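Participant:
Residue numbers (my numbering), protein chains in the order written: chain A, 3 to 392; chain B, 3 to 392; chain C, 3 to 392; chain D, 3 to 392.
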């Protein structure tokens, strides 16, 4: 962490900040410029009471240099990434196999979820999803999930999907909206808890999830920078929890045609550079258009996803919610097959990739020779130009 | 609501949609184009099961024509707006007077909140704010509010601010994060509940607030369109609750200099066109820069706000959270005075405003004459140009 | 096009609008709701003088129903898309083969562009890119391209890349910034003109490009909705030009980690639903991070791109501009190979895809049976619930 | 400027960077952390060839510490700001008086612009605006300005507005789209050139404007960060030009109700903190809704604007472009009067404002006493808590 002192900061103010940092156990460094002094704090900055420093006299702002999410961070190096494996029931996420989680937007009835589970199983997907209490942007939609009206309804709804999952050997993924429902989910035997986009920054819910043994799929909010997102994820992990899965489902952008704008570059950044956690792609919410779910799911795998969420329904034309983005059974089967093919190709391509870190040394050592070979004369005249300008 | 049928929709599909709409009690209309048929549904569309229609055969999409938030909507006309008055304790919000709510980001101790309350009272502000459980973007900030660690701490923290408010005759506004805390707030005597930006779409919390008799300040999420925001607000009001206050505190945008981008055009749209609810401005979070809070609060009033939230602290340099945006006491006093002046000026200017609706008739009736006077010859040549193009 | 009349529009105003539309040669339809009347205009709405209607008495707004870009629009159907093939020199874009265009950000010297061209050729890429006049966000960067200082410099710079392209049998793609340079590009033998992101809405430049016989790669602006983008593209095509290529290079979003946010969902929408034009992906500018260019280029192909732009340099560590996103030669070779593999896989997967349009009929006809099988009892109780609410 | 070296940077790489910086005439500083080394460069960083450094071995990234726009920057201090005065004809912008520039979106005919000029004069506004070549998002709008079809048309169109301005003693502001038209504007006697939003990053046009003696109103692009915007403005000023005016006309955001989202916080930041240039507000494009122009113009003045652009038309219902946002003459007159009142109030309020810089010293010196008084016991227990966590 760098502490940037204001233009007019006095030597006393600077000394006070340095003392404070050392008092808290940090080593410090200092860089005195013509107008501005910077103080560096070295050590575990996740412990640093930033607010307190920010308020000290003469301090202008804090400039983060290293990452303030520790548990969610990638621990490997470009050439040898280290990723967690998270278990959803008996299914490993983030390992050698791709994990496809499929199912209807909502659990609507026992026959519906049983038939959906059968179709999911037959498609080759490995886990079953289905909502029991649903987000609705309008309070007048007339359907907020089979479990929305009472605690009893919640119990019964959860039991349906757990039963369907057991029947077909599929672990289950169900979204939770209220911190007080978490223990109900645990008791009834849901295998994985999902935090939806509108709750991505719900502090009370995330704090509650620190204590659940269940794995958590934490979806990214539609206005969250990647690293801000990792800080909210870090909240769930802060006390030691490890089994968390990231999931991209779309950002707000200038694009009004798709329901959201899938940030696949964010997936690539998370998987290849920033985090040790498995990353999922939800192209159903990410596009909101049934015929784009296919391409964008595959593109998401190519970008770095190792988990895929797909909405599908025995007959999406009669689904009670979000049916317009749910796949027909034939499309699900086809997509699961295509997913496997893309996954295999990506693994092959990944294994050959030469990260820049492995090349920079060589090219750096050739820099002088290359400059001479490529620029020869230009280099000189260029220098002149910039001197004249100065 | 318009139902847009797909290009290849069959007459049977069209008839089925019409039948369904009529079966639900809507009158219908139809417009048959060369390629596309549109079906209109007239009546209370808040009751319309949109999902079910969207999934019917041949339906491409729904196009909303009238607003789907009824309770939060403006009921007047451009010339004579109708606005609710909401009471926070004995303070009327949305009436003839401006309401300034001020106080520290967090309740930090009894002496701190007592001194803050005294300063708020002396400044001329009319209500006291202060957080007892705080949002923090990092889980490692080291301070999540005086009430964050246990139920007892929550009780004690709330009691402090309620005591301070009573001492100085200021009703209190406190943010709630967890649905299960609402009854605690009610019991201890908080006068108004605030829903923070990260919870703007927290369905469980909003549903819970339907039942509180306390007024609710519902802040707008940083990625919510105004009308999408009004739908989340409508959720709180869906069962009849009326005492809700809107609040703008900044959107995500290209601007990286201020902490958020205050959408004052949104305030103007809400106040003058879309909603019957009072609108607040929170320039502390909206700018995140102490010296911009002043100007942006005043600009917010000019744009249409009738409630103002201001963070201030006896000594913001030692505040435990967000002190960088908290005003110094002198600045608070000055701003409250300036707020009154801007408010009085706005009321005067508002009273003179001639809405377009009152002018359009006249100008419409002169259109032909004006065209002749202003365009004379051009009109003709123009017609020709567009004919050639066709 | 739908004309939405205001709440208080008079019958005369409505009649006037209908008359006007018919006078212009449109068929009309009308839907009279309880509060609002809608008038439909059928025919070639690209000829419709929208502004004139918008200003007629009683008109509230226009609601577009069919697309206002005709030439850029997709003309096929979901099951059988129709795409233009655009030639860059002898290279076909949008046909059976993937087109990889690679090269340095800037032409820096004759040896540099010759060596770059050789590397591009060896990598298997099919065309050469390189800027001669460069965008720079700061006016003090000290380098605005080899051709930036005079007309003579522009000539010489363009000649270098054209020479390099000819030497290695690679057609050349060069960005143009000034409308008055277009003829210079044509004369010197550049094979394809690129419009950069900052010029995506540069009306003078786009108008000028209507008349060039050269193909144009028109990059999408970072705040343009897909359909708004297609309207700017349509501007280039308005007089009949056909050889235009779309290109996604990133939007503004909440993501601050990558330089821009690649909207691959936009690529999928353009390729599979909205446009007949080939779509390119530029992951160099789209990510701004060398090690993410690889994954995101491949993901872009999977999403629907048939052209790929890649920045690469003989030694990116000494590049005069944007070297941080330029690939090392080994990485380029590897990426071109991987691109081919992903392209082949996508073609195979595409050929099997069952579009929803081919399934909807069946599922629609089973809807009643499926509802009975899946929902049986629930259906009834549900109806009741919504009735009670109404 | 800080140079952040990568985690694995070697001592040689660090030394090379330091040497290079010194060779270019910068003083340097260094801060060696546990993992990361930072090198500071002190001096005029606008001369610094950033690209070259960014590409040196071991360099991870550059962190700007001081501003890279020099001419556009604010040179005063919080208590005593220094602002340029820019002349448009005989009208001073940025001085003691508010400047209202009003007029139609487009010059449509001689009678129209003459009547508009008369109305503008009568309203009390001080300059006349009107477009002669117009941006249109659709190429099929059928009207691109009276001067769009030929050079002769451009001449004639410009002559009309210049004549109208002279007749009523109003200097004229006209938008330019093509760099090659600038000299025509100068020759015919336009008093101020406007750069529109779509051209905010048009490098060729901005470079051309360096050489015009005319003042330039440079509108901010809808996806430009404030400081990125100032860098594009700096481009116009880079060779010494001083008479440039900033203008906010709206950003892209989540708000879909208004045409754009006016960033008034940006205006406040520009005027009070970042720039010496006068700032304008264009609420006509910024809202796109006639009845919101009034409030948002006034709010813009309150936020810090000293120039106001307003679209108005003798009869906006018959305007050929953007009439829906043009004011009726009565509204213009009323708004100009209101603008003056808000301006006077803001000046009064501004003169009393106590900037934080004037208070921080006092509050800093009381910090220890205040902590003891306000926190007493808490301080201790707090320290403990954070120790336990570490």
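The beta carbon of each residue, even a glycine, is placed where N, CA and C say it ideally should be.
Being a predicted model, the structure only gives us computed values, none of them experimental.
Taking only the alpha-carbon atoms, compute the straight-line gap between residue 277(B) and residue 250(D) and give it to the nearest angstrom.
Facilitator: 26 Å
Participant: Using Cβ-Cβ distances below 7 Å, what residues of the segment 232–258 of chain A are close to chain B?
Facilitator: Within the segment 232–258 of chain A, the residues whose Cβ lies closer than 7 Å to any Cβ of chain B are, in chain order, 233, 236, 237, 240, 254.
Participant: By the 10 Å Cβ neighbour count, where 16 or more other Cβ atoms means buried, how is residue 17(D) classified, buried or exposed?
Facilitator: exposed
Participant: Determine the direct distance from the alpha carbon of residue 309(A) to that of residue 88(C), and round the result to whole angstroms.
Facilitator: C-alpha separation (whole angstroms): 37 Å.
Participant: Report the option in 159(B), 197(B), 14(B) whose CA atom is closest to the CA atom of residue 2(B).
Facilitator: Past the boundaries of the shown model lies residue 2(B); chain B is included only from 3 to 392, so the question cannot be answered.
Participant: Excluding five sequence neighbours on each side, which residues of the same chain lie with their C-beta closer than 6 Å to the C-beta of residue 80(C)?
Facilitator: 357, 359
Participant: May I have the straight-line CA-CA distance separating residue 162(C) from residue 95(D), to the nearest angstrom?
Facilitator: 48 Å
Participant: Taking only three categories from DSSP, how would you classify residue 18(B)?
Facilitator: Helix, per DSSP.
Participant: DSSP beta-bridge partners for residue 220(C)?
Facilitator: 197(C), 248(C)
Participant: Taking CB distances under 7 Å as the criterion, tell me whether residue 38(A) reaches chain D.
Facilitator: yes
Participant: Starting from residue 348(D) and walking both ways along the alpha helix (DSSP H), at which residues does that stretch end?
Facilitator: 331–354
Participant: Identify the contact partners of residue 320(D) in chain C, using a Cβ-Cβ distance below 8 Å as the criterion.
Facilitator: 57
Participant: Would residue 305(A) be called buried (16 or more neighbouring beta carbons within 10 Å of its own) or exposed?
Facilitator: buried
Participant: Using only alpha-carbon positions, find the residue among 138(D), 344(D), 274(D) that is nearest to residue 230(C).
Facilitator: 138(D)
Participant: From 302(D), 279(D), 280(D), 275(D), pick the residue whose C-alpha is nearest to that of residue 288(D); which is it?
Facilitator: 302(D)
Participant: Could you name the residues that DSSP lists as bridge partners for residue 137(B)?
Facilitator: In DSSP, residue 137(B) forms no bridge with anything.
Participant: Provide the residue(s) that pair with residue 103(B) in DSSP beta bridges, ordered along the chain.
Facilitator: Beta-bridge annotation (DSSP): residue 103(B) is paired with 129(B), 311(B).
Participant: Ignoring anything shorter than 3 residues, give me the beta strand (DSSP E) runs that lie fully in the segment 257–316 of chain B, in order along the chain.
Facilitator: The beta strand (DSSP E) runs lying completely inside the segment 257–316 of chain B and spanning 3 residues or more are 281–284, 309–313, given in chain order.
Participant: Which residues, taken in chain order from the segment 177–188 of chain D, show a beta carbon closer than 7 Å to some beta carbon of chain C?
Facilitator: 179, 180, 181, 182
Participant: Contact criterion: CB-CB distance below 7 Å. Does residue 77(C) meet it with respect to chain D?
Facilitator: no
Participant: I need the boundaries of the alpha helix (DSSP H) containing residue 239(B), first residue and last residue.
Facilitator: 228–239
Participant: Under a three-way DSSP split, which group does residue 6(B) fall into?
Facilitator: strand
Participant: Let me make sure I understand the geometry here. Which of 368(D), 70(D), 352(D) has the alpha-carbon closest to that of residue 82(D)?
Facilitator: 352(D)
Participant: CB-CB under 8 Å to residue 44(A), same chain, minus the five flanking residues each way: which ones, in chain order?
Facilitator: 28, 29, 30, 31
Participant: Should residue 371(D) be labelled buried (16 or more other beta-carbon atoms within 10 Å of its own) or exposed?
Facilitator: exposed
Participant: By alpha-carbon positions, which one of 243(A), 203(A), 234(A) ends up nearest to residue 212(A)?
Facilitator: 243(A)
Participant: Which residues, taken in chain order from the segment 108–134 of chain C, show a beta carbon closer than 7 Å to some beta carbon of chain D?
Facilitator: Answer set for the segment 108–134 of chain C: empty.
Participant: Check for me: the beta strand (DSSP E) holding residue 39(C) runs from which residue to which?
Facilitator: 39–44
Participant: Any beta carbon from chain A within less than 7 Å of residue 304(C)'s own beta carbon?
Facilitator: yes
Participant: By alpha-carbon positions, which one of 265(B), 209(B), 177(B) ends up nearest to residue 198(B)?
Facilitator: 177(B)
Participant: Note down, in chain order, each residue of its chain lying with its Cβ closer than 7 Å to the Cβ of residue 24(B), except the 5 sequence neighbours on either side.
Facilitator: 30
Participant: Compare the Cα-Cα distances from residue 267(C) to each of 248(A), 258(A), 329(A) and report the closest residue.
Facilitator: 258(A)
Participant: Need the endpoints of the alpha helix (DSSP H) that residue 209(B) sits in, please.
Facilitator: 205–211
Participant: Assuming the contact rule is C-beta atoms closer than 8 Å, residue 248(C) and residue 238(C) should be a hit. Round their C-beta distance to whole Å, please.
Facilitator: Not confirmed; about 11 Å, so no contact.
Participant: Please list the residues of the segment 287–298 of chain D that have a C-beta atom closer than 9 Å to any C-beta atom in chain B, keeping them in chain order.
Facilitator: When CB distances to chain B are screened at a threshold of 9 Å, the residues of the segment 287–298 of chain D falling below it are 288, 289, 291, 292, 293, 294, 296, 297, 298, in chain order.
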